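**Q** Encoded as structure tokens, here's the structure I'll be asking about.
There are 2 protein chains.
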Amino acid sequence: MNATVAKRLPKNYKLVYEILRGAGHGVHFTMGEIYAHAKRKRPAIGFSTVYRGIARLRDLGWIDEIELPGSDSAVYELKGKPHAHFCCGRCGEVADVHYQLPARTIARLAARTGGRVGEAMVTLRGLCRRCSV
Amino acid sequence: MNATVAKRLPKNYKLVYEILRGAGHGVHFTMGEIYAHAKRKRPAIGFSTVYRGIARLRDLGWIDEIELPGSDSAVYELKGKPHAHFCCGRCGEVADVHYQLPARTIARLAARTGGRVGEAMVTLRGLCRRCSV
DNA sequence: CCCGACACTGAAAGTCATATTCACTATCGG
DNA sequence: CCGATAGTGAATATGACTTTCAGTGTCGGG
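Chains as they are written, first to last, in my numbering: chain A, 5 to 137; chain B, 5 to 137.
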């Protein structure tokens, strides 16, 4: 099975991971930002490699890909517990919000749709502390 | 200022609105689908006009634009009460779910972020009834 | 040490939904 | 009738991915 996990990650993919791990939980980068960081560390690296690194890490479950509704680009962060996101409509900042829909609520909604619910995403939109003054 | 609201809507924009109103609440169309419908009713209409009609109706608050996380195209529906959406990961169907985060919860989360929260989006992902068998 | 298979790589090109530009044309208040 | 403004269709641009292509490692046998 997932022998990929066991195998050592290619050094470029590792670099991508280190960029996110170095930033820590709760920090969100777009693909472009990650590429910029990677380029600084290893100028010869190409965009495709960073792109593929992100895809691999996502598939391995080491990082989370977050698609904010209404934003044209996804952001990435270290894998963590499920949580909600707050997105500032002015400066675009994305912040983690330690919250998730109660399992009971999800179950109730799932029953209502008649289908099976895999995940529940909660996104808040508004103005962050600095932009709301 | 917004005299636009008072003015009668251009007939093409009205056509776009009628397409959504005719479908009723809870029906979701992509821009391409709306364009196809419009084209059938008025073959000479251009894509840009439909596009601009949707933008206008959205700005007027007559329709809602729903950007599903992870989907590459937005869907539109008649303006209605805030609600959650369920999105089938297999067939792509989007269904309204009559639910919204309790105001108290939103207030609590807003306090936690220190900013001001305008809206809270809840999106469920999973398999719809037909796809989950 | 050499080989073949296969993973990795960078540059370039492709995709797709959404936005915008351009050169008209229709409409409205005077 | 007139000038200003809004509306229009076709064509083009944008931006974020996504894939293709032609190499370039890399590693376990032989």
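Glycine is no exception: its CB is placed at the ideal position from the N, C-alpha and C atoms.
This one's a predicted model, so the numbers in the text were calculated from it and none came from an experiment.
1. Are the Cβ atoms of Ile32 of chain B and Glu81 of chain B separated by less than 8 Å?
2. Report the rounded CA-to-CA distance for Val121 of chain B versus Ile58 of chain A, giving the unit in angstroms.
3. Output yes if chain A places a C-beta closer than 8 Å to the C-beta of Glu81 of chain B; else output no.
4. Is there a Cβ of chain A sitting closer than 8 Å to that of Val101 of chain B, yes or no?
5. Express the C-alpha separation of Ala40 of chain B and Ser52 of chain B in angstroms, rounding to a whole number.
6. Taking just the CA atoms, how far does Ala114 of chain B sit from Cys92 of chain A?
7. Is Pro86 of chain A close to chain B, meaning its C-beta is less than 8 Å from at least one C-beta of that chain?
8. State the Cα-Cα distance for the pair Arg116 of chain A and Ala48 of chain A, rounded to the nearest angstrom.
9. For the segment 117-129 of chain B, which residues have a CB atom closer than 8 Å to at least one CB atom of chain A, in sequence order?
10. Nearest CA to the CA of Arg112 of chain A: which residue from B:Gln104, B:Gly118, B:Ala111 and B:Gly119?
11. So what does DSSP say about Tyr80 of chain A, is it helix, strand or coil?
12. Is it a yes or a no for the segment 20-38 of chain A touching the segment 72-91 of chain A, going by three-plus beta-carbon pairs under 8 Å?
13. If we require 4 or more residues per run, which alpha helix (DSSP H) segments fall completely within the segment 40-112 of chain B?
14. Indicate whether Ala88 of chain A and Cys132 of chain A have their beta-carbon atoms separated by less than 8 Å.
15. Spatial neighbours of Ala3 of chain A within its chain, please: CB distance less than 7 Å, with the 5 preceding and 5 following residues excluded, ordered by chain position.
16. My output table needs one value for Gly26 of chain B: the three-state DSSP class, helix, strand or coil.
17. Going by other Cβ atoms of all chains shown within 10 Å of its Cβ, with 16 needed for buried, is Gly118 of chain B buried or exposed?
18. Output yes or no for whether 8 Å exceeds the beta carbon distance between Ala124 of chain A and Leu128 of chain B.
19. Which two residues bound the contiguous beta strand (DSSP E) that contains Arg120 of chain B?
20. Do we get a CB-CB distance below 8 Å when we pair Gly30 of chain A with the residues of chain B?
21. In whole angstroms, give me the CA-to-CA distance for Ile67 of chain A and Ile67 of chain B.
**A** So, from the listed chains and residues:
1. A small correction: the amino acid at residue 32 of chain B is His; Ile does not occupy that position in the sequence shown. For His32 of chain B and Glu81 of chain B, yes; Cβs fall inside 8 Å.
2. One Cα belongs to Val121 of chain B, the other to Ile58 of chain A, and the distance between them is close to 31 Å.
3. So, not an interface residue.
4. Yes, because at least one Cβ of chain A sits closer than 8 Å to the Cβ of Val101 of chain B.
5. 13 Å
6. 12 Å
7. no
8. 53 Å
9. Thr117, Gly118, Gly119, Arg120, Val121, Gly122, Glu123, Ala124, Met125, Val126, Thr127, Leu128 and Arg129
10. Ranking B:Gln104, B:Gly118, B:Ala111 and B:Gly119 by Cα distance to Arg112 of chain A puts B:Gln104 first.
11. strand
12. yes
13. Listed in chain order, they are 51-64.
14. no
15. Any property of residue 3 of chain A remains undetermined from this structure, which presents chain A solely from 5 to 137.
16. helix
17. exposed
18. yes
19. Counting along the chain, the unbroken beta strand (DSSP E) around Arg120 of chain B starts and ends at Arg120 to Leu131.
20. no
21. 35 Å
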